[in-house]
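Quick note: the sequence shown uses the numbering used here, first residue 23, plus one each step.
Don't be surprised by glycine CBs; every beta carbon is placed ideally from N, CA and C.
In what follows, a single structure is set out as structure tokens and then discussed.
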Amino acid sequence: MTRLASMLRRRGVILPSFEIYGGVSGLVDYGPVGASIKRRVIDCWIEHWTGIPNVREVDSPTITPEPVLVASGHVGEFNDHMSECGDCGGVFRSDHLLSGSHDFPDSLDASQLDSEIENNGVCCPSCGSKEWKGASPMNLMFRTSIGAMGKARQAYMRPETAQGMFMLYPALFRHFRQKLPFGAVQTGRGYRNEISPRQGMIRLREFNMAEMEYFIDPESPPEVDLGSWDSRVVLIPDPEGSFAGEKKISFAEAFDSGIVRHPTVAWFLAMTLEFLEKVGIDTGKVRFRQHASTEMAHYASDCWDCELAGEHGWVECVGIANRTCHDLIAHQEHSGSSQLRGWREYETPRQEIRDTLAPIGSVIGPKFKERANEVTKLLGDIVEIPDELPFKLELEDGSIIEIGEDMVTRRTEEVTIRGEYFTPHVIEPAFGIDRIIWHILDHNFNEIEKEGEMYTILSLEQSVAPFDVAVLPLFDKDGMGEMAREIASEVNSIMGITADLDTSRSIGRRYARCDEIGVPWAITVDHTSLEDGSVTIRRRDDQAQVRVDVGALLTHLSAGAVPELF
Numbered sequence: 023m024t025r026l027a028s029m030l031r032r033r034g035v036i037l038p039s040f041e042i043y044g045g046v047s048g049l050v051d052y053g054p055v056g057a058s059i060k061r062r063v064i065d066c067w068i069e070h071w072t073g074i075p076n077v078r079e080v081d082s083p084t085i086t087p088e089p090v091l092v093a094s095g096h097v098g099e100f101n102d103h104m105s106e107c108g109d110c111g112g113v114f115r116s117d118h119l120l121s122g123s124h125d126f127p128d129s130l131d132a133s134q135l136d137s138e139i140e141n142n143g144v145c146c147p148s149c150g151s152k153e154w155k156g157a158s159p160m161n162l163m164f165r166t167s168i169g170a171m172g173k174a175r176q177a178y179m180r181p182e183t184a185q186g187m188f189m190l191y192p193a194l195f196r197h198f199r200q201k202l203p204f205g206a207v208q209t210g211r212g213y214r215n216e217i218s219p220r221q222g223m224i225r226l227r228e229f230n231m232a233e234m235e236y237f238i239d240p241e242s243p244p245e246v247d248l249g250s251w252d253s254r255v256v257l258i259p260d261p262e263g264s265f266a267g268e269k270k271i272s273f274a275e276a277f278d279s280g281i282v283r284h285p286t287v288a289w290f291l292a293m294t295l296e297f298l299e300k301v302g303i304d305t306g307k308v309r310f311r312q313h314a315s316t317e318m319a320h321y322a323s324d325c326w327d328c329e330l331a332g333e334h335g336w337v338e339c340v341g342i343a344n345r346t347c348h349d350l351i352a353h354q355e356h357s358g359s360s361q362l363r364g365w366r367e368y369e370t371p372r373q374e375i376r377d378t379l380a381p382i383g384s385v386i387g388p389k390f391k392e393r394a395n396e397v398t399k400l401l402g403d404i405v406e407i408p409d410e411l412p413f414k415l416e417l418e419d420g421s422i423i424e425i426g427e428d429m430v431t432r433r434t435e436e437v438t439i440r441g442e443y444f445t446p447h448v449i450e451p452a453f454g455i456d457r458i459i460w461h462i463l464d465h466n467f468n469e470i471e472k473e474g475e476m477y478t479i480l481s482l483e484q485s486v487a488p489f490d491v492a493v494l495p496l497f498d499k500d501g502m503g504e505m506a507r508e509i510a511s512e513v514n515s516i517m518g519i520t521a522d523l524d525t526s527r528s529i530g531r532r533y534a535r536c537d538e539i540g541v542p543w544a545i546t547v548d549h550t551s552l553e554d555g556s557v558t559i560r561r562r563d564d565q566a567q568v569r570v571d572v573g574a575l576l577t578h579l580s581a582g583a584v585p586e587l588f
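Here it is in structure tokens:
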């Protein structure tokens with residue numbers, strides 16, 4: 023791991039942030055190579071999940087007003103316990119101090135943590151003391167404010183992208199013509215004020231997330247053929263449940279046997295494994311672990327972590343949670359909005375006797391003008407008639423109007439009921455992009471002996487490599503440099519393909535630089551190239567080379583068919 027970390031830093035992949043000022047724990051920079059890898063991993067993620075029908079990308083602010091996070095439970099529940107050393111004053115996450123001593127330390131309350139720390143004789147990682155102050159909760163969100171001085175509104179930097187997508191539910195519901203299921207994906211930064219961030223990219227205070235919120239009718243979840251994913255994977259069900267114990271099983275078998283409780287959760291477990299394989303994760307180092315009831319997030323009825331094995335052991339990189347209707351109901355109750363609902367058509371319309379409010383068109387028309395039809399429809403949809411008039415009515419765009427006594431007539435009549443409103447359920451796959459990138463690098467870092475020295479090859483998938491191809495003139499003279507620049511320009515004009523031009527030092531050193539950062543192909547321009555317009559194309563993983571005409575090479579690059587040249 024030391025050699026990998028050294029290479030990543032030296033080659034501008036991942037570096038400490040603000041290093042000339044001493045650095046800040048829990049913050050990292052992606053350099054010119056790393057930023058390209060990150061962008062391509064994110065693009066692969068978006069392409070993968072938006073391949074599902076009725077899933078679209080959205081983008082919401084990273085600053086979130088406090089009422090939103092009060093409703094979601096983050097202000098009250100988003101805490102970790104911290105323990106302070108009584109001698110040196112070092113502060114550590116209490117549950118991390120018990121790693122290896124307790125199966126689920128994050129499920130313990132403050133007094134239980136104190137007892138376990140004392141009973142296990144836990145020493146301070148900094149000074150070795152066993153004197154600890156009592157564990158206390160710390161909210162992990164970064165507090166900020168919106169606006170100036172006395173008129174500022176309390177807010178937080180978002181701990182997840184999910185809440186922004188819940189706020190966009192009304193817009194999504196309209197976009198998808200009021201028909202479920204549908205989903206939204208969002209990528210971007212999240213912020214958690216970790217108590218003691220360690221392990222490099224594994225635990226960051228500012229991190230890259232990729233999440234999907236998939237809204238479904240709980241009475242008719244989407245049907246998916248899980249047989250399309252026939253590989254057997256390692257699942258570790260709830261250790262407190264009836265299926266306890268590690269199992270190697272297909273996703274279809276896991277759902278049919280009841281290990282995975284919900285069909286959409288099973289589907290997203292399979293989709294997650296498929297994505298990880300696409301971006302170069304070793305599937306032999308993947309497992310799915312179900313949360314025990316004692317460690318379940320406050321919003322979830324079921325949750326599976328996808329864990330990846332690497333230099334830091336098994337690390338949670340993805341969480342697939344059945345959030346049920348928790349969030350939408352919470353935001354309905356706290357905001358008073360009626361827009362966070364779905365509509366379910368009955369197979370056969372029903373006749374009911376009920377009180378209704380009949381709109382008076384001669385009043386509503388002039389009063390609301392172009393919105394009169396919308397107001398009339400919403401009045402007809404009211405199921406529970408207000409006890410008193412006037413009352414407030416929320417329109418589809420969130421605006422509020424007042425309905426007075428002169429606008430409606432109360433009637434008791436037989437009405438045809440064609441459907442009902444309900445609160446959708448949400449299935450959420452949430453990906454930690456930084457952790458996944460670390461494991462991509464870890465799983466594909468190879469060292470071989472070459473000419474008596476260790477030689478590094480980063481065997482990245484082309485889809486996530488920083489560049490698709492390197493263009494290398496044998497010498498930057500005699501026209502070879504000019505031809506290399508022309509080829510690089512042509513390659514970069516191919517949509518989705520990027521080339522890196524490298525002209526410094528020996529050709530062997532440049533090959534090594536390409537291999538070290540995972541560039542899959544290297545084009546070499548030499549003296550023969552000037553004579554007949556051909557170049558050599560070199561394959562990274564075995565250093566094999568073939569000679570090919572430039573035009574044919576560009577055609578194969580454009581078609582993603584370079585391997586066919588070998």
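Within 8 Å, strictly: CB atoms of residue i and residue j
i      : j      : result
Thr294 : Ile449 : no
Leu212 : Arg180 : According to the sequence provided, residue 212 is Gly. The question's Leu does not apply to it. Taking 8 Å as the Cβ cut-off, Gly212 and Arg180 qualify as a contacting pair.
Val513 : Ala506 : no
Ile459 : Met429 : no
Leu482 : Gly222 : no
Asp524 : Ala492 : yes
Gly56  : Val35  : yes
Leu202 : Gly364 : yes
Gln373 : Glu436 : yes
Ala157 : Ser218 : no
His334 : Ile224 : yes
Phe297 : Ala288 : no
Pro542 : Asp500 : no
Ile516 : Val547 : no
Leu26  : Phe467 : yes
Cβ neighbours of residue i in the same chain (closer than 6 Å, five flanking residues each side left out)
i      : result
Cys107 : Cys146, Ser151
Ile470 : Tyr477
Asn230 : Ile455, Asp456
Phe444 : Gly364, Arg366
Pro192 : Gln361
Residue i versus the options, residue with shortest Cα-Cα distance
i      : options                        : result
Val7   : Pro54, Leu202, Leu37           : Because the chain in this structure spans residues 23 to 588, residue 7 falls outside the shown range and cannot be described.
Asp377 : Gly156, Asp403, Glu396, Val144 : Asp403
Phe195 : Glu88, Pro446, Gly73           : Pro446
Arg214 : His96, Glu140, His334, Val246  : His96
His353 : Val77, Thr525, Pro542, Glu88   : Glu88
Asp564 : Ile423, Gly53, Ala544, Asp500  : Ala544
Asp304 : Leu463, Leu362, Ile64, Arg33   : Leu463
Ser359 : Asp419, Trp326, Arg254, Thr346 : Asp419
Cys66  : Asp349, Val255, Thr209         : Thr209
Asn76  : Leu400, Ile519, Arg311, Val207 : Val207
Pro261 : His313, Ile422, Gln176         : His313
Ser167 : Ile407, Pro159, Tyr178, Glu41  : Tyr178
Phe273 : Ala170, Glu153, His284, Gly267 : His284
Arg33  : Ala583, Tyr52, Thr183          : Tyr52
Glu233 : Arg220, Trp251, Gln185, Phe198 : Gln185
Phe114 : Glu216, Arg61, Gly426          : Glu216
Bounding residues of the alpha helix (DSSP H) (the contiguous stretch that carries residue i)
i      : result
Ile351 : 348–357
Asn76  : It is not in any alpha helix (DSSP H) - Asn76 carries neither H nor E in the DSSP assignment.
Phe237 : Element bounds for Phe237: not the alpha helix (DSSP H) but the beta strand (DSSP E), 228–238.
Asp456 : 455–466
Arg31  : 24–32
Thr577 : 572–581
Cys107 : Here Cys107 belongs to no alpha helix (DSSP H), and DSSP marks it neither H nor E.
Met502 : 502–514
Residue range of the beta strand (DSSP E) that includes residue i
i      : result
Tyr191 : That residue, Tyr191, is in no beta strand (DSSP E); its alpha helix (DSSP H) goes 191–197.
Leu603 : Nothing about residue 603 can be read from this structure; the chain reaches only from 23 to 588.
Thr558 : 556–561
Leu362 : First-last for Leu362: undefined, no H or E at that position.
Leu91  : That residue, Leu91, is in no beta strand (DSSP E); its alpha helix (DSSP H) goes 88–94.
Gly535 : Note that residue 535 is Arg in the sequence shown, not Gly. No beta strand (DSSP E) holds Arg535; the alpha helix (DSSP H) holding it covers 529–539.
Cβ shell of residue i (< 8 Å), same chain only, five flanking positions each side left out
i      : result
Lys307 : Leu330, Ala331, Gly332, His461, His465
Ser123 : Glu138, Asn142, Val144
Val92  : Gly98, His356
Tyr533 : Leu494, Ala544, Arg560, Gln565
His549 : Leu496, Asp500, Met502
Close Cβ partners of residue i (< 7 Å) along its chain, the five nearest in sequence each way excluded
i      : result
Asp128 : Asp117, Glu317
4-residue-minimum alpha helix (DSSP H) runs that sit fully inside the region 369–421, ordered along the chain
383–390, 394–403
Sequence ranges, beta strand (DSSP E) only - wholly within the region 110–184, length at least 3
As far as the region 110–184 is concerned, its whole beta strand (DSSP E) runs of at least 3 residues are 113–115, 158–161, 165–168, 175–179.
Within the region 429–453, ranges of the beta strand (DSSP E) (whole runs, at least 3 residues)
430–444
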